[in-house]
Each structure stands twice: as structure tokens, then as C-alpha cells.
Amino acid sequence: MITAPRGLLDILPGESFAWLDSARWHVLEGELRRISHQYGYSELRPPVFESAELFARGMGATTDAVQKEMFTLAPRGDEEDAPVFALRPEFTAGLVRAYIEHGLHNQTQPTKIFTYGPVFRAERPQKGRFRQFNQWDVEVFGAQDPAVDAEVIHIGIDLAGRLGVTGLTVELNSIGCPVCRPVYREKLKDHFRPVLAELCPDCNTRFDRNPLRLLDCKKDAAHPAMATAPMMVDHLCPDCSGHFAQVQRHLGELGVEYRLNPRIVRGLDYYTKTVFEVVHPKLGAQAVVWAGGRYDGLTAELGGKPTPGVGFAMGMERILIVLNELGVALPPALRMDVFVAALGEPARQVCLPMLYRLRSLGLSADIDYLGRSLKAQMKLAGRHHAKFVIIVGDDELARGVVKLKDMDAGTQGEVSVEKLLEAVTGQ
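Here this note's numbering is used: the first residue of the sequence shown is -6, the next is one more, and so on.
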């Protein structure tokens, strides 16, 4: 038997599949679209693969996401000069590329964008980490205002609250800008240089290329030098310091609780100033449910005009796993309007035209095709979360009526065939 590749998941129909139940995904996707619209974000759908150079330039050629985790696609045999493509490992670089390429900067700013869908990374699969996973991504281009940073953080908290997620922790930091970060980088290198031989190979590689990533190392997290390392928040320039203070003020006004975590640096090179992670203990080692920050230099790096930007990506699998761990049941996104229970072949011959008539009126409707008992058919109607069940047997056929059960009210009565559509539609 051929099975799905390791680290890739099927999203399946049926409540028994817990957070992989497609009905839960329908609910989540509906809420993502609804809240994005309420906050003024418009949808942009980028392609699933792009030039590998885009991600190398945007995310940083030395980052783990590019060096170790990116799925690249070999050019076709008749396209020797074609660029190397890569399955997108994240959304931001592709959205910035689209913002530049299609002249969205010429529209009234800021440009507020959301998208969601699959992204790909060649990581070791574990709880909350997969090789194909889905993200809700929110980006704002063209606004430097610290209030935008706070809004981007708040929209995720708002969504989580609407879904019923509790126990989240917002962790916040600032990693400075091209003015203050070079000075801090040198202080960080001076601190770690005497113990460099004691650190892992990755830290030695990062020491010259991106020393901030030393603070993000999981292997050396317990090394004494990590606890005494200088913090970026103590070396911010006046502009970054003021921006960070305003972000915190706005979060306080919005009622968003947070804690400062000076060790958040994020794994991608494009971040500046505000960075944040939202974590939940139910995810274990992969505790980050969503994360993001500001990236004021990325648009220029990818060939556009200097444009401030800020955004985040939420792991859709992770938010659903947390909901499952908390025992929060999401309401069905799509309920069936009518289930038709036909008892016997004569009733079935009458009910099939009725079924298609209901569908032609825009109602969702289904019927049993396996000749089940009434009890089994009612159970099937329950799995469909049907609002009404039409029951037709020999007795009903003889009298020209149907039994109509209101599943929400738990009531049942008889209706003539002529009055059935009116009873079901309320018209």
C-alpha cells in the first residue's frame, strides 16, 4: 500500500479524526476570513512555488529555513537555464514580491493583506511540526506606526479568543535596526568569542554571519554564556527604543497581556524592531502557535522602494491541536439542511425526486443509499448535523404525507407532500 509521505497529513471527513476533521478546518478557515475582513485585510493568493533566490534573499541565505529545510525543484530537462524553484517555506517573501511586482505600493497605503494555505519545510516531523503545514499569514505594508505592530498582535489574540483558546502567552522583544544592531552585534561577538570553542558547530557558523542567532540556539541554551549575554533591548537607539515603548503602550490599551523576552530573535534575517511569539504549553517542545514581527528593510532588499512592513504567520495545525488538547468543540461550519430517510424501495422512488428538488432550491440535502434501518438513518442524519429529517414509509406514502423531524427542537409532525417545501424553507 502506498501511504502519504512522512510529515504530510490528510485532512479527513469525520469527527473521529479530531483536529484533522475537515469540518474543523472549515470553521477555522471561515473565522480567518471573517476576522481578516473585519480588520480591513484583503486576500492575496501567491503561488505555491517561487524562485529559490527569492527566499534566499528575503529570509537570509544562511538561515536554517533556506540552508537545511527548503524543498527545491529541479528544472525540467528542456529548461537548462531556468531558475531553481522552491516550494514556499513561508509566505512573507512571496507577498512582498507580489506587492512590488504588481505595483501595490501605488495604491493608497497602508496595504493590508492576508492569505492562508500550505507551506513546506524539510523538518523532522514531530507534534506540531510537519513537512507540509498550513499558515494564516497577515501582513501590513507602508505603515511605520507602532499601533500597527499592536494591531497585528491583537488580531491573532482576537481570533484565538473567538475560537475558545485559553492559556496563551505573548512574548515580546525588539531586535533593533541597522543603526543600533551593528554595535550590538560586536558586543555579542566579544561576549561569545572566548567560549566559541565550547559551542556547537551551528553557533560557530553563525558567529560571523549572524551572531544574534546564537541566542536562539537550542543545543547551547544551557551554556553559562547564554545567561550572561548582553541583550538587544539594552542597546536600542532612541528611535527603536521609542518605537518599542509605543508598541507596549498600545498593547496595554488593547488589553493584551505580554511578557518581555529579550532572547526572541526569530530565525529569519529580515526582522527589525518588534518581534513576538505567542506560545501555548499544550504544544510541548513546539510551543509557538504563531509569531512574527517588523521587517522594514525587506521590500528594498527584494528590489522595491524602501517600505515598512510588519506581519505574522499562525500555524493552523497548531491552533487546532491546542483546541483539541483543551477539549474545545468547534460548532459545525456546514450543517445539512435536510436528510431524507426513505423506508423501503417504493418510498425511495418518491424521495429521490424530492431530494433533487430540495437541492435545486439551494438547500443541502442527502439520502441513504444502502437501505439502512430508520435508527441507522437517524444516526447518519446526526453525523451530518441535519436541521430537518424527512421520514417516508409505506404508511406515509399511502396517506400522501411525510414525517418532518426538527432536529434542533426535537419535535416531529406530519406534513403533506404539497406543503413540505414550505415547511422546510419557511417560505
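Beta carbons: idealized from backbone N, C-alpha and C, even for Gly. Predicted, not measured: the structure shown is a model, and the values here were computed from it.
Query                                                                                                                                                                : Result
DSSP on Arg287, reduced to helix/strand/coil?                                                                                                                        : strand
Use the C-beta contact count for Val158: other C-beta atoms within 10 angstroms, 16 or more gives buried, fewer gives exposed.                                       : buried
For Lys396, name the three-state secondary structure that DSSP assigns.                                                                                              : strand
What residue range does the alpha helix (DSSP H) around Glu310 cover?                                                                                                : 309 to 319
Mind the definition here: the region 161 to 168 touches the region 110 to 121 only if three or more C-beta pairs lie below 8 Å; say whether that holds.              : no
Taking the alpha carbon of Val141 as the reference point, which residue from Cys210, Ala190, His236, Pro194 has its own alpha carbon closest?                        : His236
Using a threshold of 9 Å, state whether the C-beta atoms of Ser35 and Ile148 are closer than that.                                                                   : no
Short of 6 Å in beta carbon distance, which residues of its chain neighbour Lys361, apart from the five on each side in sequence? Order them along the chain.        : Note on identity: in this sequence residue 361 is Asp, with Lys being the wrong assignment. Answer for Asp361: Gln370, listed in chain order.
Measuring only the C-alpha atoms, how far is Leu80 from Val41?                                                                                                       : 6 Å
In angstroms, rounded to a whole number, what distance separates the CA positions of Phe113 and Asp74?                                                               : 25 Å
Candidates Glu407, Ser409, Leu327: which alpha carbon is nearest Arg376's?                                                                                           : Leu327
Using only alpha-carbon positions, find the residue among Gln125, Lys61, Pro6, Pro103 that is nearest to Val131.                                                     : Pro103
Would you please state the rounded distance, in angstroms, between the beta carbons of Ala280 and Phe332? I believe it to be under 8 Å.                              : The Cβ separation is near 42 Å, so there is no contact.
Looking only at DSSP bridge pairs, what is Ala79 linked to?                                                                                                          : Glu43, Thr65
Does the separation of the CB atoms of Gln128 and Gly308 fall below 9 Å?                                                                                             : yes
The alpha helix (DSSP H) with Ser29 in it runs from where to where?                                                                                                  : 15 to 31
Go ahead and label Glu179 buried or exposed: buried means 16 or more other beta carbons lie within 10 angstroms of its beta carbon, across all protein chains shown. : exposed
Can Leu25 and Leu161 be called in contact, C-beta distance under 9 Å?                                                                                                : no
Grouping DSSP H, G and I as helix and E and B as strand, with all else coil, what is Glu164?                                                                         : strand
Which runs of the alpha helix (DSSP H), 4 residues or longer, sit entirely within the region 144 to 202?                                                             : 174 to 185, 194 to 202
Which class does Asn254 belong to by DSSP, given the choice of helix, strand or coil?                                                                                : coil
For a quick check, are the C-beta atoms of Pro6 and Ala16 less than 9 Å apart?                                                                                       : yes
Could you pull the DSSP bridge partners for Gly381 from this structure?                                                                                              : Note that residue 381 corresponds to Phe in the displayed sequence, not to Gly. Its beta-bridge partners are Val331, Asp399.
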